[in-house]
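2 protein chains.
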Amino acid sequence: MADNTLKYNLPETSIPKSWYNISADLPEPLAPVLHPGTGQPIGPEDLAPLFPMALIGQEVSVEREIEIPDPVRDIYRMWRPTPLYRARRLEKALGTPAKIFYKYEGVSPGGSHKPNSAVAQAFYNKEEGVTKLCTETGAGQWGSSLALAGSFFDIDVKIYMVRVSFDQKPYRKALMQTYGATCVASPSNETEAGRVILAQDPNTSGSLGIAISEAVEVAAKSDDTNYALGSVLNHVLLHQSVIGREAIEQMAMADAYPDVVIGCAGGGSNFAGLAFPFLGEMLKGGPAIKAIAIEPAACPTMTRGSFAYDYGDTAHLTPLVKMYTLGASFVPPGFHSGGLRYHGMSPLVSHLKQLGLVEARSYHQTKCFQDGVAFARTEGIVPAPESTHAVHAAIEEALIAKRDGQEKTILFNLSGHGHFDMAAYMDFFDGNLEDMDYDAAELERSLSELPDISS
Amino acid sequence: MADNTLKYNLPETSIPKSWYNISADLPEPLAPVLHPGTGQPIGPEDLAPLFPMALIGQEVSVEREIEIPDPVRDIYRMWRPTPLYRARRLEKALGTPAKIFYKYEGVSPGGSHKPNSAVAQAFYNKEEGVTKLCTETGAGQWGSSLALAGSFFDIDVKIYMVRVSFDQKPYRKALMQTYGATCVASPSNETEAGRVILAQDPNTSGSLGIAISEAVEVAAKSDDTNYALGSVLNHVLLHQSVIGREAIEQMAMADAYPDVVIGCAGGGSNFAGLAFPFLGEMLKGGPAIKAIAIEPAACPTMTRGSFAYDYGDTAHLTPLVKMYTLGASFVPPGFHSGGLRYHGMSPLVSHLKQLGLVEARSYHQTKCFQDGVAFARTEGIVPAPESTHAVHAAIEEALIAKRDGQEKTILFNLSGHGHFDMAAYMDFFDGNLEDMDYDAAELERSLSELPDISS
Chain A
80 MADNTLKYNL PETSIPKSWY NISADLPEPL APVLHPGTGQ PIGPEDLAPL FPMALIGQEV
140 SVEREIEIPD PVRDIYRMWR PTPLYRARRL EKALGTPAKI FYKYEGVSPG GSHKPNSAVA
200 QAFYNKEEGV TKLCTETGAG QWGSSLALAG SFFDIDVKIY MVRVSFDQKP YRKALMQTYG
260 ATCVASPSNE TEAGRVILAQ DPNTSGSLGI AISEAVEVAA KSDDTNYALG SVLNHVLLHQ
320 SVIGREAIEQ MAMADAYPDV VIGCAGGGSN FAGLAFPFLG EMLKGGPAIK AIAIEPAACP
380 TMTRGSFAYD YGDTAHLTPL VKMYTLGASF VPPGFHSGGL RYHGMSPLVS HLKQLGLVEA
440 RSYHQTKCFQ DGVAFARTEG IVPAPESTHA VHAAIEEALI AKRDGQEKTI LFNLSGHGHF
500 DMAAYMDFFD GNLEDMDYDA AELERSLSEL PDISS
Chain B
80 MADNTLKYNL PETSIPKSWY NISADLPEPL APVLHPGTGQ PIGPEDLAPL FPMALIGQEV
140 SVEREIEIPD PVRDIYRMWR PTPLYRARRL EKALGTPAKI FYKYEGVSPG GSHKPNSAVA
200 QAFYNKEEGV TKLCTETGAG QWGSSLALAG SFFDIDVKIY MVRVSFDQKP YRKALMQTYG
260 ATCVASPSNE TEAGRVILAQ DPNTSGSLGI AISEAVEVAA KSDDTNYALG SVLNHVLLHQ
320 SVIGREAIEQ MAMADAYPDV VIGCAGGGSN FAGLAFPFLG EMLKGGPAIK AIAIEPAACP
380 TMTRGSFAYD YGDTAHLTPL VKMYTLGASF VPPGFHSGGL RYHGMSPLVS HLKQLGLVEA
440 RSYHQTKCFQ DGVAFARTEG IVPAPESTHA VHAAIEEALI AKRDGQEKTI LFNLSGHGHF
500 DMAAYMDFFD GNLEDMDYDA AELERSLSEL PDISS
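Protein sequence lines correspond, in order, to chains A and B.
Using our numbering, the letters of the first sequence correspond one by one to residues 80 to 534.
Using our numbering, the letters of the second sequence correspond one by one to residues 80 to 534.
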């Protein structure tokens, strides 16, 4: 009988025992991280007010395999290994000869891939005696996930949620509260950074850059509070490598290997989580893949931004990292994929893009929602607005394969479900959802403010 | 090494090949279903305007094993077999010697057990050439599931959603729309039944009984439209038996067998889905279990109702069935578990209760939400408000085991997640969620209207 399997499940014992660190296999090393005051490369001590030493060590490590602590694997078991699906019904609806696979991270309690790093970060902070964490969140996937992780490790979690998403997605706040965390809209009056922004524009929709400033400020000023970031940083992408590691094993179960690997990219963590292990295989001499990062046309970091040193936040509290950026003061329009509204991009993803190992595309939101609905009606799962960008790219690739009569194998990351984002689907059905573009003048202004680093 | 497994997963090939029909093993047969006009037992032709013959056949079948058609199993594969979890973190938090297991049906695309029957019903209707289905829904779990099933079988689905839930849960409507269905608040002006009720009370919160009347009326008056019911009927409970069948195999993997099996009960389908296969084992000489159906104190069908012939709907369009009932005109208060707001109870569950094989308990909602939150903080999953009733009962049983030093094994059905019900959790956290009781005078009135059937 021909293999007709729909979902490829692995047993608990197949949860990876180590994370894969692509820094070990880079053709060229990353540019150093610079101190915002001195412009000189930072050392571990510069990050110590914000992060536990274990995570700082992971941030700069070039070891290929980093062991996953047992207590972290023990919690991963609650939802990992996540299923890999063959999208047979979607393939049939498209009439494509392409095979479409997707890794579904929405089975986690938080509803996305984000708990993979949240649990690890909470664990290392707890190990070093930290009792409070603060963070930012866009659409709320990361905030909910850190709230969940905090409940498992008995850590108080405070979340600054970008105003536009806070207003669009009230259920996300309720979820964070259910997990015992506190969530406030950002910019808030609780921080210096927030008050400055509010004084300039009391009606601002907020941005991830602003919310990061608020959370970093609180952590930096407090002895018992650390900061946690849900994407961008090397250690976050490292933790997400469990996605791709499992997918490699599952694709082998399906007797297949991807030609194309797709993920949406805000800070880059779900894209990297799936793609880096496959890119690692390629860098070590394995099969070639095309890795495509999808971003929104309204916040086109890699497709319209500069590859330059910039701050990770609006108030310039973070170190300077070399990345694709739209400028730290760039405020994107209030489109629905709150998780993709970041001005920068992970230095690792940016570096690989610069090296030609990652391709970037940007899409408007309407056609992403259209394909999100088509996906729901064939595969059953309602994708998060962010994930619809990956769905659209996969469908685009499958239709190219159809046109060209190619038997291509496409793998994408369905990074989360849209259960908390149904207001966006309501807007879509009611005709209230428009394509949005970045403001070209706003981009020119924010890029003109990039720090002048001669390296 | 001691077994430390958290979730027991079965492969796609372990999806049951047949449904289990408890009617084959009943110590006494069910009372006949009576025609609402004549008071005489109905025949298949009386139901033909509403249901396809295949489902009418299942409704009266006493065959123990009823084969699941391949196209239905093919769709079940999208989420089945569902995981069985050992609630190790909850056990630890409670300090109980009891083992707590739960079958998690929230992994389905609709978010609950409801697609198990929706897909089967859509299939049989499609086989018999039906192109339109109409139905009612309470909290929206059933409506979303039939919408999903309709999208798979290309059937137009129209849903009458109880007004109070329609207003409380706008995202549910969006989900049904995403799956291509149409959802309106009930009572509506679209039906005679709805117009009569609205004329009496324009501000009514609605009820499942009213919504059923509307959907039945539309189906009865139309040639191309059938009716579908999400619970109560024998064939619905039959379809849900996949839950318990899988659980029996998974409990064996865990080298355990339940002493207590728990489910919340509105119409009875998720409770029966889990409990009937275990009760069937008992009836065939297998191990004894205590099967406990949990209902809301505000709609206490089995704990406060009469065991009598009654109509399934408010407008008296359905046949008369013998069941526990609060009276077909009973309108419960607008508490948050919309799926438990039905005036009646499945004839099969009622019959087993009457025979002493099923126990019923009723709880107020505040303590259910409290335990729902405790569950979310230990097990990660946010239960649907309906399912918190089962969670509370499982915790109650586990604490009794702790008090008595018993090593009891508890199994409950976590019938759905609460992602679309977060407004209820918001009310809980904001202190706006109150315990609600049924109105005793209202109950006396509605019970006084029970039809006078001398059998």
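Ideal Cβ positions, reconstructed from N, Cα and C, are used throughout, including at glycine.
For clarity, every value in this text was computed on a predicted model and none was experimentally measured.
Would A/A228 pass as a contact of A/V198 if the rule is Cβ separation under 8 Å? Start at 1 with the first residue of the first sequence, and residue 228 of chain A comes out as number 149. Start at 1 with the first residue of the first sequence, and residue 198 of chain A comes out as number 119. Going by C-beta atoms, A/A228 is nearer than 8 Å to A/V198.
By how many angstroms is the C-alpha of A/P108 removed from the C-alpha of B/F232? On the second sequence, residue 232 of chain B is found 153 positions in, with the first residue counted as 1. On the first sequence, residue 108 of chain A is found 29 positions in, with the first residue counted as 1. Those two C-alpha atoms are separated by around 53 Å.
Closest Cα partner of A/G189 within the set B/L427, B/A354, B/I460, B/G406: As a working note, residue 189 of chain A is residue 110 in the first sequence. When each option's Cα is compared against that of A/G189, the closest is B/I460.
Would you decide whether A/G345 is buried or exposed? Buried here means 16 or more other CB atoms lie within 10 Å of its CB. The residue labelled residue 345 of chain A in the question sits at position 266 within the first sequence. With 16 or more other Cβ atoms within 10 Å, it is buried.
I need the DSSP call for A/H318, collapsed to helix, strand or coil. The residue you call residue 318 of chain A lines up with position 239 of the first sequence. Helix at A/H318.
Does the distance from the C-beta atom of A/L405 to that of A/T445 stay below 8 Å? Looking up residue 405 of chain A in the first sequence gives position 326. Looking up residue 445 of chain A in the first sequence gives position 366. Taking 8 Å as the Cβ cut-off, A/L405 and A/T445 do not qualify as a contacting pair.
Any chance the segment 309-320 of chain B sits against the segment 134-141 of chain B, with 3 or more Cβ pairs inside 8 Å? yes
Is the shortest distance between the beta-carbon of B/M330 and the beta-carbons of chain A less than 8 Å? On the second sequence, residue 330 of chain B is found 251 positions in, with the first residue counted as 1. With a threshold of 8 Å between beta carbons, B/M330 makes no contact with chain A.
By Cβ distance, which residues of its chain are closer than 6 Å to A/V339, with the 5 residues on each side in sequence left out? The sequence position of residue 339 of chain A within the first sequence is 260, counting from 1. Only K369, E476, I489 meet the Cβ criterion.
Please look up how many angstroms separate the CB atoms of A/S97 and A/E170, rounded, as I've assumed it's under 8 Å. The sequence position of residue 97 of chain A within the first sequence is 18, counting from 1. The sequence position of residue 170 of chain A within the first sequence is 91, counting from 1. About 34 Å; that fails the 8 Å criterion.
Reference B/E215, options B/E184, B/K178, B/V295, closest by Cα: Residue mapping note: residue 215 of chain B aligns to position 136 of the second sequence, counting from 1. B/E215 has its Cα closest to that of B/V295, out of B/E184, B/K178, B/V295.
Between A/P131, A/A335, A/L173, A/A166, which lies nearest to A/Y183 when the distance is taken from Cα to Cα? Translated into positions along the first sequence, residue 183 of chain A becomes position 104. Just measuring C-alpha positions, the residue of A/P131, A/A335, A/L173, A/A166 sitting nearest A/Y183 is A/A166.
What does DSSP give as the partner residue(s) for B/G495 in the beta ladder? Numbered from its first residue, the second sequence carries residue 495 of chain B at position 416. Looking at the DSSP assignment, B/G495 forms a beta bridge with B/S191.
Based on the DSSP secondary-structure assignment, which residues constitute the bridge partners of A/A387? Numbered from its first residue, the first sequence carries residue 387 of chain A at position 308. A/A387 is bridged to A/M402.
Using C-beta distances below 6 Å, list every residue in its chain close to A/H443, excluding the 5 sequence neighbours before and after it, in chain order. Numbered from 1 along the first sequence, position 364 holds the residue referred to as residue 443 of chain A. Cβ neighbours of A/H443 beyond the five flanking positions: A376, D514.
Residues, ordered as in the chain, of the segment 227-258 of chain B that lie near chain A by beta-carbon distance below 9 Å: L227, S230, F231, P249, Y250, R251, K252, A253, L254, Q256, T257, Y258
Would you call the segment 234-244 of chain A in contact with the segment 208-222 of chain A, where contact means no fewer than 3 C-beta pairs closer than 8 Å? Result yes; three or more Cβ-Cβ pairs closer than 8 Å.
What span of residues does the beta strand (DSSP E) with A/R165 cover, start to end? Position 86 of the first sequence holds residue 165 of chain A. From DSSP, the beta strand (DSSP E) with A/R165 extends over 163-165.
CA-CA distance, A/N83 and A/Y164? Taking the first residue of the first sequence as position 1, residue 83 of chain A is located at position 4. Taking the first residue of the first sequence as position 1, residue 164 of chain A is located at position 85. Straight-line Cα distance between these residues: approximately 11 Å.
Output the boundary residues of the beta strand (DSSP E) element that contains B/D235. Within the second sequence, the letter at position 156 stands for residue 235 of chain B. B/D235 -> beta strand (DSSP E) spans 235-241.
Rounded to whole angstroms, what's the CA-CA distance from B/A100 to B/G222? Just pull it up for me. By one-based count along the second sequence, residue 100 of chain B stands at place 21. By one-based count along the second sequence, residue 222 of chain B stands at place 143. Rather than Ala, the amino acid found at residue 100 of chain B in this sequence is Asn. Spanning the two alpha carbons is a distance of roughly 25 Å.
First and last residue of the uninterrupted beta strand (DSSP E) at B/G342: In the second sequence, counting from the first residue as 1, residue 342 of chain B sits at position 263. Segment 339-343, the beta strand (DSSP E) holding B/G342.
DSSP-derived helix/strand/coil call for B/G436: The count along the second sequence starts at 1 and reaches residue 436 of chain B at position 357. One detail in the question is off: residue 436 of chain B reads as Leu in this sequence, not Gly. Three-state result, B/L436: coil.
Let me confirm a value: A/E193 is counted as buried when at least 16 other C-beta atoms fall within 10 Å, else exposed. Which label applies? Locating residue 193 of chain A in the first sequence gives position 114, counting from the first residue. Residue 193 of chain A is actually Lys in this sequence, not Glu. A residue is called buried once 16 or more other Cβ atoms fall within 10 Å of its Cβ, and A/K193 is buried on that count.
Starting from the N-terminal side, write out each stretch of the beta strand (DSSP E) that is 3 residues or longer and does not extend beyond the segment 402-489 of chain B. 437-442
Residues bridged to B/W98 by DSSP? Taking the second sequence and counting its residues from 1, the one referred to as residue 98 of chain B is at position 19. Paired residue(s): B/I145.
Within a Cβ cutoff of 8 Å, which residues of the same chain sit near B/Q485, ignoring the five residues on either side of it in sequence? In the second sequence, residue 485 of chain B corresponds to position 406, counting from 1. Around B/Q485: P176, A177, I479.
Check this for me: beta carbons of B/R251 and B/G285, under 8 Å apart or not? Within the second sequence, residue 251 of chain B is the residue found at index 172, counting from 1. Within the second sequence, residue 285 of chain B is the residue found at index 206, counting from 1. Not closer than 8 Å, so no.
Would DSSP call B/G209 helix, strand or coil? Working through the second sequence from its first residue, we reach residue 209 of chain B at position 130. Reading off the sequence shown, one finds Val at residue 209 of chain B, where the question assumed Gly. Residue state, collapsed to three classes: coil.
Opposing strand residues paired with A/K178 [DSSP bridges]: For this step, residue 178 of chain A is matched to residue 99 along the first sequence. According to DSSP, which records beta bridges pairwise, A/K178 is partnered with A/T488.
Along the chain, where does the alpha helix (DSSP H) containing B/T261 start, and where does it finish? The count along the second sequence starts at 1 and reaches residue 261 of chain B at position 182. Element bounds for B/T261: not the alpha helix (DSSP H) but the beta strand (DSSP E), 261-265.
Going along the chain, which residues of the segment 454-488 of chain A sit with their C-beta nearer than 9 Å to a C-beta in chain B? Of all residues in the segment 454-488 of chain A, A455, R456, T457, E458, G459, I460, V461 have a Cβ within less than 9 Å of some Cβ in chain B.
Anything in the segment 152-169 of chain B with a Cβ closer than 7 Å to a Cβ of chain A? List those residues in chain order, please. From the segment 152-169 of chain B, only R156, M157 have a Cβ closer than 7 Å to chain A.
Mind checking B/Q279: buried by the 16 CB within 10 Å criterion, or exposed? If you number the second sequence from 1, residue 279 of chain B lands on position 200. Burial call: exposed.
So is B/K401 buried or exposed if we call it buried at 16+ other beta carbons inside 10 Å? In the second sequence, residue 401 of chain B corresponds to position 322, counting from 1. Buried, since its Cβ has 16 or more Cβ neighbours within 10 Å.
Terminal residues of the alpha helix (DSSP H) in which B/T257 lies: As a first step, residue 257 of chain B is located in the second sequence; it is residue number 178 there, counting from the start. Segment 249-257, the alpha helix (DSSP H) holding B/T257.
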